[in-house]
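Below is one structure, written out as structure tokens, with a few remarks after it.
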Amino acid sequence: MPLADARAQIGDLAVVPHDPVADAAWLDRLAQGCARYTPLVALDAPDGLILDIAGAAHLFGGEAGLVADVEGRMDRLGMTLRSALAGTADAARALARYQALPAPDEAAAVRRLPVAALGLEAEATTALVRAGLKTIGDLSGRPVAAIAARFGAEAANALRRLLGDAPSPLDPRIRPPPIVVERRFAEPLGSSAHAAAVLAELAAEAAVALGERGKGGRHFRATFFRSDGLARSIAIETGQPTRDADLVMRLFAERIDSLRDPIDPGFGFDMIRLAVPRIEALGAGQLRLEGGAANTARGAAAVDELADRLATRLGRGRVRRLRSADTHIPEQAQLAFPAVEAPPPTPWTATEPGEPPLRPFHLFDPPQPIEVIAEVPDGPPQRFRWRRTLHAVRRFEGPERIAAEWWRRRDNAGLTRDYYRVEDAQGRRYWLFRHGLYDEKPDPRWYIHGVFA
Amino acid sequence: MRESSSSLAALRQRVARLADSGAPSGGGDGGWLASGHADFDAAIGGGLAIGKTHEFFAADALDATSAAAFAALLALRTPGAAPLLWLRTADAARRAGHIYAPGIAELGGDPDRLLLVETADPKMLLACANDAVRCGGSAAVIVESWGAWPALDLTAGRRLALGARDAGTVLLMLRLNTLPAPSVAETRWTVAAAPSTALEADAPGAPGFTLDLIRWRGGPAGARWQMEWNRDEQVFRGAALSGALLPVAPGRTAVPRRAAA
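Here you go:
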């Protein structure tokens, strides 16, 4: 219905533009909430959730009880819910979206669904309907080869998935970690030192499992389950994939040392689990003939390990590498990435031979305001006061005019900056700019943006 | 402290060399960070010795950038891609400014070699510096501090120096806004910005530095150099004549003025 018609029928109609991003975020929050029923929750964008409740339904009094619980909660959130239970994810999805009438059993219900439930493109669906095949039941009676020949392989595959003849795996929102090793204890473990020893054994086991797959871990998470039900997780990250159990244990020791509140065994741990949620390919290392890795590689590895250790101790954002960004706005031209996830380097702007450095060594972000005396209003600065010191400008070069990124802003806002490289009487070089041209702003301010070597 | 005679200095050098050769791991004689300025390098026996600690004091709080850039350029001049570890406290960016990678690239250094570590306080800075100097494979470790640093006493300095010697790394202590004090450093420098040689239309030219050697364990101190960084050849050079003819500005003292933060 066009908006004009709707407004004609209902006078005080509230109109809100469609916001797909907010919808997706809300669906994700609902999916988070559904983790109470099962850890295997998959998103079925834009408006569906698929829950694998195998082995979890009895906690809510069976399937009916679970559905009632979901309905109650969604009702309280003001959500309209259509739900269905089926043996496969595709069947449940199709039933929830397209089932019109109740049916005696699942197979019959699936057979009564319209062909639109296959989720094919509109043209293929129309072709099926024109051929007189209106329900899944009509289709399922025919040989799959004939369907594939006439309506495409996609139609045949969708039909087989819907009928449960082909697997339809879920892509859960929270993927189970690829490698998990754990140890359970008959008697709770009362000492932290003993727990650390067990963690070391688990790390060695995980290293073997990683080696078998030809992988290395980037992220390790140890969880200590206390006998009174409390679980405490600590995690470490490495910049390079590793399966060196000693290195992992050094990082865990570093993390445990830096904890504000130490891990308290309380009445004892009854399980310790080590998960490796993030793994990456790592080939077998080759030693050189005379023993030991190559010298430069060993040096780089030592620095990487130091970066991991310091990042574990200080926080990952405190150990950084600088990478270039493709923009001419000075303060955005460098990006500081945590060293554990820095992207590969990209080239920096090339310099002209014979030119002096045009960018400062130290940059102030935000720029610091200064007081400037200039000969003519839009001329170069003659004297400026910064940090309560007056600097007399002896030499200058400029202006280098840097405009705002007008293509990013709808209102075309942002002031142009006129940069000057100046040298004061003491020989120190500064990077000053006037924020705004005189026809953009009546009284533009001056700032110092950096200091040259 | 000035040496009274050159023979005494030579003796000292010999003793130092003997002491180094007797060091257990023998990491003391691992080469030099050279500046490329022949006189400068020759005067301090080849450059800044690797495996040692060297201190750079900014002559004034406003000379912080010159001191930092001089230390960084010495380290980044070295061939290869060995990383440069730069440790500073989290508030250093507010005081001295962020280390600006495009500016390092403009000086001819490779910013991708930089690994920046920011700590919450000077105490943690010292702990991390101890780990960093013990990690071989870096081109240099720069530890930047602002103001007095009481945690860095002679014991802590000695520990750092031993770590650098054992791992064969070179530690460049960047001391900003503070006065030189006794320490175990091999060399101690005061760095100040120097007027550059003007380009066409009186534009500021290549970076200029004034260096004062105020302490050297291996020989006489007290020398002063005026140097300019030549980016295209990646060397420091003696300042050109026109720069040296500029009058030294009044009000230039070795005593740092405290900058308003």
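From first to last, the protein sequence lines stand for chains A and B. Quick note, our numbering runs 229 ahead of the 1-based positions in the first sequence. Quick note, our numbering runs 20 ahead of the 1-based positions in the second sequence. The beta-carbon is built from N, C-alpha and C at its ideal position, and this holds for glycine as well. Computed from a prediction, not measured in an experiment: that's the story for all the values here.
For residue 371/A, no beta strand (DSSP E) segment is defined, and its DSSP state is neither H nor E. Proximity of chain A to residue 127/B at the Cβ level (cut-off 8 angstroms) is accounted for by 586, 590 and 682, in chain order. The alpha helix (DSSP H) runs of length 4 or more contained entirely in the segment 334-397 of chain A are, from start to end of the chain, 335-341, 351-359, 365-369, 373-380 and 382-391. Assigned with DSSP and collapsed to three states, residue 177/B falls in helix. Residue 593/A sits buried, since 16 or more C-beta atoms from the chains shown fall within 10 Å of its C-beta. DSSP places residue 250/B inside the beta strand (DSSP E), whose first and last residues are 244-250. Against chain A, the CB of residue 248/B has no partner CB under 8 angstroms away; the residue lies outside that interface. If you draw a 10 Å sphere on the C-beta of residue 670/A, you find fewer than 16 other C-beta atoms in it, and that means exposed. Residue 647/A sits in a strand when the DSSP states are folded into three classes. Take residue 549/A, set aside five residues on each side of it, and the residues of its chain with a beta-carbon closer than 7 angstroms to its own are 565, 566, 567 and 568, in chain order. Note on geometry: alpha-carbon atoms of residue 511/A and residue 445/A lie some 5 angstroms from one another. DSSP places residue 168/B outside any beta strand (DSSP E), giving it a letter other than H or E. Non-local C-beta neighbours of residue 90/B in its own chain, meaning closer than 7 angstroms and more than five positions away in sequence, comprise 76, 211 and 229, ordered along the chain.
Distance between residue 278/A and residue 262/A, taken at the CA atoms: about 11 angstroms. Near chain B, meaning a CB-to-CB distance below 9 angstroms, no residue of the segment 414-435 of chain A qualifies. For the pair residue 159/B and residue 54/B, the CB atoms are not nearer than the 8 angstroms cut-off. In its chain, beyond the 5 residues on either side, 323 and 327 have a beta carbon closer than 6 angstroms to the beta carbon of residue 346/A. In the displayed model, residue 239/B falls within coil according to three-state DSSP, outside both helix and strand.
At least 8 angstroms separates the CB of residue 319/A from every CB of chain B. Not a single C-beta of chain A is nearer than 8 angstroms to the C-beta of residue 55/B. Within the same chain, and ignoring the five residues on either side of residue 312/A in sequence, the residues whose Cβ sits closer than 8 angstroms to its Cβ are 296, 299, 300 and 325.
When DSSP reads this structure, residue 26/B sits in no beta bridge, so it has no partner.
Contact between residue 356/A and residue 380/A holds, with the beta-carbon distance rounding to 6 angstroms and staying under 8 angstroms. As DSSP reads the structure, residue 563/A sits in a beta bridge with 553/A. Residue burial annotation: residue 266/A is buried, with at least 16 other C-beta atoms found within 10 angstroms of its C-beta. Residue 51/B has no beta-bridge partner at all, per DSSP.
Residue 258/A: member of the alpha helix (DSSP H) spanning 249-262, first to last residue.
Going by DSSP, residue 124/B is part of the alpha helix (DSSP H) stretching over 121-126.
Going by beta carbons, residue 599/A and residue 508/A fall outside the 8 angstroms limit. Bridge partners of residue 231/A according to DSSP: none are assigned. For residue 327/A, the enclosing alpha helix (DSSP H) stretches over residues 318-327. Ranked by how close their Cα comes to the Cα of residue 117/B, the residues 597/A, 243/A, 305/A and 374/A have 597/A in first place. Against chain A, the beta carbon of residue 156/B has neighbours under 7 angstroms at 528 and 531, listed in chain order. When C-beta distances to chain A are compared with 9 angstroms, the residues of the segment 82-95 of chain B below that value are 82, 83, 84, 85, 86, 88, 89, 90, 92 and 93, in chain order. Look at the beta carbons and you see the segment 413-429 of chain A touching the segment 495-502 of chain A: at least three pairs across the two are nearer than 8 angstroms.
Under DSSP, residue 660/A shares a beta bridge with 650/A and 679/A.
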